[in-house]
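Numbering-wise, this note's numbering comes out as the position in the sequence shown, counting from 1, plus 35.
C-beta: ideal position from N, C-alpha, C; glycine also.
Below you'll find the structure, written out as structure tokens, and then a few comments.
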Amino acid sequence: LACGPPAFKMDYPFRFRFDEAPETEDEMLERLFAGNKTVTTTPIISDGAASYFGIKPPFKLDGVELKPFRDAWSCITGGTCTVYFDNTWTPEEIPLAQDHPMREPLTGVSFGSGFVSNFPSHRITAALHAAPVKSVALQMMGRKVWHFLSPRIFREAFHVRGKDMVTFVEPIFADNVKVLESLPRYEIETLPGDGVYFPSYWAHTVETSEGPCFMLNYRGKLNLKSVVPKAPMSLSDLLPFAFKAFMAEYVTPEWYVRHMAARNHHKLQTNLNEVYNTQKKMFNASEEQRRGA
């Protein structure tokens with residue numbers, strides 16, 4: 036953060052410290068309970084299917100519930116639910132001093148996504164995807180491991196698709212660990228007090244460690260400059276992105292843009308959940324074939 040706000044205009048991802056003395060788990064929970072925030076919880080599926088490419092993480096996105104954070108924490112620690120893409124978080128909900136260098140960059144975000152979990156083991160929690168906006172992710176509790184691919188590598192290595200303002204890849208049923216290791220990438224570990232900045236279209240897949248984990252991801256504003264120049268998908272997929280970016284930048288009121296951005300992100304998760312069972316069957320069949328070979 037030594038460069039101040041200009042650091043968040045870089046063309047590549049980087050890790051930084053936003054808090055040298057982060058809150059303890061008890062301090063954070065006391066603050067969140069006192070705020071009486073309502074979050075969206077998602078039931079956990081116990082089938083364990085996971086991949087860096089295309090297989091949905093073990094969450095059941097058609098069974099979401101709204102709960103006060105205190106009640107949500109009970110089911111999270113009980114291992115029955117998680118908070119996944121809860122798009123209701125604001126920068127004001129982070130305990131930063133008024134003169135903190137993060138304050139200014141965060142004033143321009145559209146919305147924040149909350150991720151809270153308590154898994155019994157380390158696992159993949161996000162298949163490879165990218166958004167057409169800048170992002171700043173802050174690790175509040177626990178540990179995550181990020182694998183970043185540049186827009187060029189993302190485009191050259193995969194058939195990239197775009198829907199609901201998020202890009203992703205068609206499912207890959209080869210040995211996904213070997214595929215990931217063969218690609219030029221940035222690998223970043225985040226612990227409490229660490230942040231990660233990444234520009235638009237930097238594809239990433241994320242692992243989450245066991246135990247309590249809490250991460251906030253703040254999304255930048257949608258505009259043509261972030262959407263068009265480095266788009267990794269085909270023109271047919273890019274055109275809807277570009278149209279929405281034009282409307283967001285020049286026509287639509289900002290409050291409505293924020294509302295639709297959050298809604299689209301959740302809509303994408305729900306849509307992808309519909310194909311989860313098919314992908315899982317193909318993934319399991321591929322695993323069985325490899326074991327039998």
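Nearest-angstrom Cα separation, counted from residue j out to residue i
i, j, result
"residue 271", "residue 198", "11 angstroms"
"residue 155", "residue 81", "11 angstroms"
"residue 338", "residue 107", "In the structure as shown, the chain begins at 36 and stops at 328. Residue 338 is therefore absent and cannot be evaluated."
"residue 181", "residue 89", "16 angstroms"
"residue 255", "residue 132", "21 angstroms"
"residue 149", "residue 175", "10 angstroms"
"residue 282", "residue 275", "11 angstroms"
"residue 169", "residue 209", "30 angstroms"
"residue 125", "residue 134", "18 angstroms"
"residue 162", "residue 240", "5 angstroms"
"residue 253", "residue 327", "44 angstroms"
"residue 266", "residue 204", "14 angstroms"
"residue 121", "residue 250", "11 angstroms"
"residue 58", "residue 172", "17 angstroms"
"residue 190", "residue 159", "22 angstroms"
"residue 212", "residue 46", "27 angstroms"
"residue 157", "residue 242", "7 angstroms"
"residue 142", "residue 115", "34 angstroms"
"residue 53", "residue 226", "11 angstroms"
"residue 72", "residue 257", "26 angstroms"
"residue 55", "residue 228", "6 angstroms"
"residue 43", "residue 140", "7 angstroms"
"residue 291", "residue 146", "12 angstroms"
"residue 67", "residue 123", "14 angstroms"
"residue 99", "residue 79", "10 angstroms"
"residue 177", "residue 219", "27 angstroms"
"residue 238", "residue 217", "15 angstroms"
"residue 69", "residue 222", "36 angstroms"
"residue 202", "residue 113", "33 angstroms"
Residue i - partner residues in DSSP beta bridges
i, result
"residue 174", "250"
"residue 118", "151"
"residue 51", "230"
"residue 245", "For residue 245, which the question treats as bridged, DSSP gives no partner whatsoever."
"residue 278", "In DSSP, residue 278 forms no bridge with anything."
"residue 184", "238"
"residue 146", "254"
"residue 221", "183"
"residue 159", "242"
Nearest-angstrom Cβ-Cβ length linking residue i and residue j, presumed shorter than 8 angstroms
i, j, result
"residue 48", "residue 193", "Wrong, their Cβ atoms sit about 18 angstroms apart, outside the cutoff."
"residue 153", "residue 207", "That belief does not hold up - the Cβ atoms of residue 153 and residue 207 are roughly 29 angstroms apart, past 8 angstroms."
"residue 102", "residue 74", "6 angstroms"
"residue 200", "residue 279", "7 angstroms"
"residue 87", "residue 215", "5 angstroms"
"residue 262", "residue 167", "4 angstroms"
"residue 77", "residue 94", "5 angstroms"
Legend entry - Segments of 3+ residues assigned as beta strand (DSSP E) that fall wholly inside the region 186-217: 195-198, 201-204
Inset, instruction - Would you list, in sequence order, the uninterrupted alpha helix (DSSP H) runs of no fewer than 4 residues that lie entirely inside the region 55-95? - result: 60-70
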